[in-house]
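Before any comments, here is the structure.
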Amino acid sequence: MAEGRIAVIGTGYVGLTSGTCLAHLGHEVVCGDVDPDKVERMSRGEVPIFEDGLQELMTEGIESGRLTFVHGAEKAAEGAKYIFLCLPTPDGGDGRADLRIVHQVVAEIGPLLDPGAVLVTKSTVPVGTAKQITATLARDDVAVVSNPEFLQEGTAVKNFMNPDRVVVGSDDRAAAEAVAKLYDGLTTSSGKPVTMLITSAESSELIKYASNAFLAMKLSFINSIAGLAEVVGADVHEIAGGMGLDDRIGPKFLRAGPGWGGSCFPKDTKALAAIALDYSVPFPLLDATTIANEQAQERVTDRIREAAGGDLAGVPIALWGLTFKAGTDDLRDSPALEVALRLDTERAQLRGYDPTVKADLPPKNGYPAVPVAADPYAAAEGARVVVLLTEWPEFADIDIARVAQVAPGAVIVDARNLLDAQQVLDAGLRLVPLGRKG
Ligand code: UDX
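Encoded structure:
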């Protein structure tokens, strides 16, 4: 086990998952957060987020004494050897990541770090941040290392324990190697030893943005192909299947949908575009990736409007799925809410259902209020259009005959292509799939 304690500053989904998993690997971990209530709840073993497998590991960590929670960054950082910064880096309003919280915390904890301490940025930060932090710190006895996370919400624990790679970047090679060692013993999902990639801080910072923007681009690409497939009479699933068989392309991240969202892709794609602009490097693919995503949301809205007969005003519409993807309760930048916003602007009457959303959604972050029903059938009651927006597996097993009873004559717009066309037809309803014929 590595010598020295680990501090994790910030217990959002990245910090909490990383801290808990590092404790599971045998390290002594102290997590610090600004929110005293949250710290108190986590100390009692309460998991504040919806994340598969986290509860068990958190209980294990607390019971073993290896995982503790404290109020404030200073308390966590004092005496620690490795300090992981897992702080929010939101869009500053102009697409650029806002680093104020990161710099504020570095200024706070910098003077009290032990000589030999290693400050690790896990938050997604623009290229050059490690250098800036080194300057803010003004200490040559503390190393700064970039170690980006590649955790997907819903499978974050699995992604941490079985990563495709661990990336560590720093000018201080020994510090980078020491951070890589913290992950010793991890294997990939196919049981192979994990590649530990040691790079410069700049490369490591860019690997994170480049990976997320590339995946977003791949999704925008298949979503645009879906639009084309609809017009020419092709099937986006057949196309994705045919493309994915090429080893160089791969089958993953080719599921067409109502656009991509979440806390990372929209923010990171815009932030990388802003970085390219700041360095005067033309990178039109990034802007096109975001534009194509908006077009995917528009396209689903168009299909819904057509299903409603051309005018959405006053039309009762059920939204199945509100989160940005299945397996999470996260609504941030959800494509489902982007579509809801467009429908609301055209004065449709919305009612939603999502397995993780139990209360009506108030208007928030520019998204409209959405009343939430207790189950998909209650949401569909009296609807003229039912839209499947999030790929929750339970929608694939839906009782279509029951939907036909509560919403006779409704059209189902399946923006995730989860439903069986024949079953919908047999129930006497019409199905509008995405990127293929109905
Ligand atoms: C992403 C990255 O995958 C992860 O590596 C990074 O650390 C954080 O951002 P996450 O935000 O959890 O993770 O979502 P992800 O599973 O990547 O999905 C992003 C969006 O793409 C979702 O809206 C999802 O529904 C959509 N998606 C994904 C598709 O529409 N089709 C697909 O085939 C895959």
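Just so we're aligned, residue 129 is where the sequence shown starts under this note's numbering, counting upward by one. Virtual Cβ for every residue (Gly too), placed ideally from N, Cα, C.
Closest Cα partner of residue i within the set the options
i	options	result
Gly449	Asp542, Glu434, Leu413	Asp542
Gly244	Ile190, Tyr505, Ala303	Ala303
Asp312	Gly556, Asp548, His155	His155
Glu184	Gly160, Ala204, Ala151	Ala151
Glu305	Leu373, Thr323, Ala384	Thr323
Lys492	Pro483, Glu131, Ala506, Asp461	Asp461
Pro276	Thr262, Ser251, Lys286	Ser251
Ser332	Leu356, Asp299, Ser318, Ala135	Asp299
Phe342	Ile377, Asp269, Glu434	Ile377
Ala284	Cys159, Thr327, Leu182	Leu182
Leu215	Ser352, Leu227, Ala204	Leu227
Tyr467	Pro496, Pro444, Ala135, Gly143	Just to set this straight, residue 467 is Val in the shown sequence, not Tyr. The residue with the shortest Cα to Cα distance from Val467 is Pro496.
Rounded straight-line distance, which links the Cα of residue j to that of residue i
i	j	result
Asp472	Val500	15 Å
Ala524	Gln551	11 Å
Trp108	Gly147	This structure does not reach residue 108, given that the chain is present from 129 up to 566, and the question cannot be answered.
Ala208	Gly223	34 Å
Val307	Val296	7 Å
Ala416	Asp430	20 Å
Ser339	Asp374	20 Å
Pro504	Lys395	31 Å
Val255	Ser348	24 Å
Ile335	Ala436	44 Å
Gly389	Ala354	18 Å
Val534	Leu557	12 Å
Arg433	Ala549	20 Å
Gly140	Met289	18 Å
Leu310	Glu426	45 Å
Leu414	Glu131	42 Å
Ala205	Val158	8 Å
Gly160	Gly200	5 Å
Leu240	Leu247	12 Å
Ala446	Lys346	29 Å
Asn138	Val485	According to the sequence displayed, residue 138 carries Gly and not Asn. The straight-line gap from Cα to Cα measures roughly 25 Å.
Gly369	Ala344	18 Å
Leu465	Arg479	12 Å
Residue environment, residue i, which counts as buried when at least 16 other CB atoms sit within 10 Å
i	result
Arg567	Outside the modelled stretch of the chain, which goes from 129 to 566, sits residue 567, for which no answer is possible.
Pro321	exposed
Thr316	exposed
Pro291	buried
Pro386	buried
Tyr337	buried
Ser408	exposed
Ser274	buried
Val360	exposed
Gln232	exposed
Gly510	exposed
Asp165	exposed
Ser352	buried
First through last residue of the beta strand (DSSP E) which encompasses residue i
i	result
Gln477	477 to 481
Thr249	246 to 249
Arg293	293 to 297
His199	195 to 199
Ile137	134 to 137
Gly160	157 to 161
Ile326	323 to 327
Tyr210	210 to 213
Extent of the continuous alpha helix (DSSP H) to which residue i belongs
i	result
Tyr141	141 to 152
Ile540	Note, Ile540: premise wrong, no alpha helix (DSSP H); beta strand (DSSP E) at 539 to 542.
Ser274	Not the alpha helix (DSSP H): Ser274 falls in the beta strand (DSSP E), residues 271 to 274.
The ligand GDP heavy atom lying under 6 Å from the CB of residue i
i	result
Leu469	The model depicted lacks the ligand GDP and carries the ligand UDX instead.
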